[in-house]
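Following the working numbering, the numbering of the sequence shown begins with 30 at its first residue and continues without gaps.
For every residue, glycine included, the Cβ atom is placed at its ideal position computed from N, Cα and C.
The model shown is predicted, which means the values in this text are computed figures rather than measured ones.
Have a look at the structure below, then the notes.
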Amino acid sequence: MIVTQTPLRVSLCGGGTDFPDFYRDHGGCVLSTAIDKYVYVVVKRRFDSKIRVGYTRTEMVDSVDEVQHDLVREALRIVGVERGVEIATMADIPARGSGLGSSASVTVGVLHALYAYTGQLVTAERLAEEACRIEIDVLGRPVGKQDQYIAAYGGLRFIEFRKDGSVSVAPVALSPSEQRRLESSLMLFFTGITRDAQTILAEQKQSTAQNTAHLQAIAALAREMYEHVCRGQFDEVGRLLHENWEHKRRLASRITLPEIDEMYERARQAGALGGKIAGAGGGGFLLLYCRPEDQERVREALRGFRELPFRIEPDGSKVVFNLKREE
Numbered sequence: 030m031i032v033t034q035t036p037l038r039v040s041l042c043g044g045g046t047d048f049p050d051f052y053r054d055h056g057g058c059v060l061s062t063a064i065d066k067y068v069y070v071v072v073k074r075r076f077d078s079k080i081r082v083g084y085t086r087t088e089m090v091d092s093v094d095e096v097q098h099d100l101v102r103e104a105l106r107i108v109g110v111e112r113g114v115e116i117a118t119m120a121d122i123p124a125r126g127s128g129l130g131s132s133a134s135v136t137v138g139v140l141h142a143l144y145a146y147t148g149q150l151v152t153a154e155r156l157a158e159e160a161c162r163i164e165i166d167v168l169g170r171p172v173g174k175q176d177q178y179i180a181a182y183g184g185l186r187f188i189e190f191r192k193d194g195s196v197s198v199a200p201v202a203l204s205p206s207e208q209r210r211l212e213s214s215l216m217l218f219f220t221g222i223t224r225d226a227q228t229i230l231a232e233q234k235q236s237t238a239q240n241t242a243h244l245q246a247i248a249a250l251a252r253e254m255y256e257h258v259c260r261g262q263f264d265e266v267g268r269l270l271h272e273n274w275e276h277k278r279r280l281a282s283r284i285t286l287p288e289i290d291e292m293y294e295r296a297r298q299a300g301a302l303g304g305k306i307a308g309a310g311g312g313g314f315l316l317l318y319c320r321p322e323d324q325e326r327v328r329e330a331l332r333g334f335r336e337l338p339f340r341i342e343p344d345g346s347k348v349v350f351n352l353k354r355e356e
């Protein structure tokens, strides 16, 4: 039996510039962090030759081609596991519509578990690349690359997407006290709205050409935020989050909603310096930067919305349990 633990993520700045349609012409970059909320994947051998997949539903099939969970199916194909296996996925946060990168974490986690099941050690780079291949190239999903990389690598990272398709992943080196100071100023609140990210992302992808100016501004803000974080100038994160949100909300028609705008404005009036919707937008979690001394006022202003405390997770996807018996 193999169990992998793969973190979810919060993207601070740069989302949208990790789409191939943009970075192949202009280059892109994001500042993103893994968080201590996880997707768990369990893989174990079956007595018979069937494939059983458990998630919000259960599948029992005879071949890989019959598996309806597309991420699991394509991971099985890449790794080469064809029969006699059980796969189950679980998450700390309801996966669909959260905006915390759950699809990428599932893909990375399943790949990692299957490789461990077959006795193979693979790098974070390979997990990220193959997860991107599954979601973008094979399944044709309108997604970028940042989620797969932060799920595989973990930590607080500045990730660059170059025109030639290569990816650079740089850790943001903070002392323990600096990291605690940054963590203590970030808040997550659930909007109470879940949405289909695919629809929003498809519109955003189709509008890449007309959104070039906004995306270039977002990439510049991500670089600026990275520099301020490296210097420990964390209040600048709040200011830049707000600037980033003003650009991001223009990338597609349903990235924000009147209810989200009202929620954000209430938070800003109560003391939050800035924020943004996590992920594609349209619902999920609202990320806020707020000095600790102002946070009770923000909580009061957002009373009725559930807060999700979190910390930066230093590790990417990892095997947390590996029990093999002689066959």
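Alpha carbon of residue i to alpha carbon of residue j, nearest angstrom
| i | j | result |
| --- | --- | --- |
| R75 | I179 | 32 Å |
| V139 | G221 | 28 Å |
| A199 | E189 | 8 Å |
| R186 | D77 | 43 Å |
| T147 | R252 | 40 Å |
| P171 | E294 | 30 Å |
| H257 | A104 | 38 Å |
| F314 | R328 | 14 Å |
| R297 | V93 | 50 Å |
| Y52 | T223 | 28 Å |
| D65 | L37 | 7 Å |
| E232 | A281 | 6 Å |
| N273 | I247 | 6 Å |
| V201 | E95 | 43 Å |
| G333 | F219 | 10 Å |
| V108 | G169 | 19 Å |
| I163 | H271 | 33 Å |
| S127 | G311 | 10 Å |
| L337 | D54 | 37 Å |
| T85 | R260 | 44 Å |
| P123 | E325 | 26 Å |
Pair within 7 Å by beta-carbon distance, residue i and residue j
| i | j | result |
| --- | --- | --- |
| L286 | G304 | no |
| D264 | G300 | no |
| G45 | G183 | no |
| A307 | V39 | yes |
| V151 | Y144 | yes |
| L100 | V70 | no |
| A181 | A157 | yes |
| E154 | I341 | no |
| S61 | Q175 | yes |
| L250 | C42 | yes |
| I116 | V82 | yes |
| Q97 | K347 | no |
| L302 | Y318 | yes |
| G56 | K277 | no |
| V72 | A160 | no |
| F48 | G173 | yes |
| L244 | M254 | no |
As assigned by DSSP and simplified to three states, the class of residue i
| i | result |
| --- | --- |
| I107 | helix |
| V196 | strand |
| Y84 | coil |
| M89 | strand |
| N273 | helix |
| S40 | strand |
| M254 | helix |
| F339 | coil |
| K137 | Note that residue 137 is Val in the sequence shown here, rather than Lys. Correct three-state label for V137: helix. |
| F51 | helix |
| I284 | coil |
| A117 | strand |
| V201 | coil |
| D344 | coil |
| S127 | coil |
| V349 | strand |
| Q175 | helix |
| D290 | helix |
| Q97 | coil |
| R162 | helix |
| V61 | Sequence inspection shows Ser at residue 61; the Val mentioned does not correspond to that position. Correct three-state label for S61: strand. |
Buried or exposed (CB count within 10 angstroms, at least 16 for buried), residue i
| i | result |
| --- | --- |
| F350 | exposed |
| S131 | buried |
| M89 | exposed |
| Q149 | exposed |
| Q262 | exposed |
| A63 | buried |
| S206 | exposed |
| L352 | exposed |
| A238 | exposed |
| A242 | exposed |
| E355 | Since pLDDT at E355 reaches only 45, below the 50 mark, its modelled position is unreliable, and the value read off the structure follows with that caveat. Flag for E355 reads exposed. |
| G113 | exposed |
| S214 | buried |
| R209 | exposed |
| R102 | buried |
Within the segment 295 to 335, ranges of the alpha helix (DSSP H) (whole runs, at least 4 residues): Within the segment 295 to 335, the complete alpha helix (DSSP H) runs of at least 4 residues are 324 to 330.
What ranges does the alpha helix (DSSP H) occupy inside the segment 205 to 243, keeping only unbroken runs of at least 4 residues that lie completely in it? For secondary structure counted as the alpha helix (DSSP H) over 4 or more consecutive residues, the segment 205 to 243 holds these complete runs in sequence order: 205 to 212, 226 to 235.
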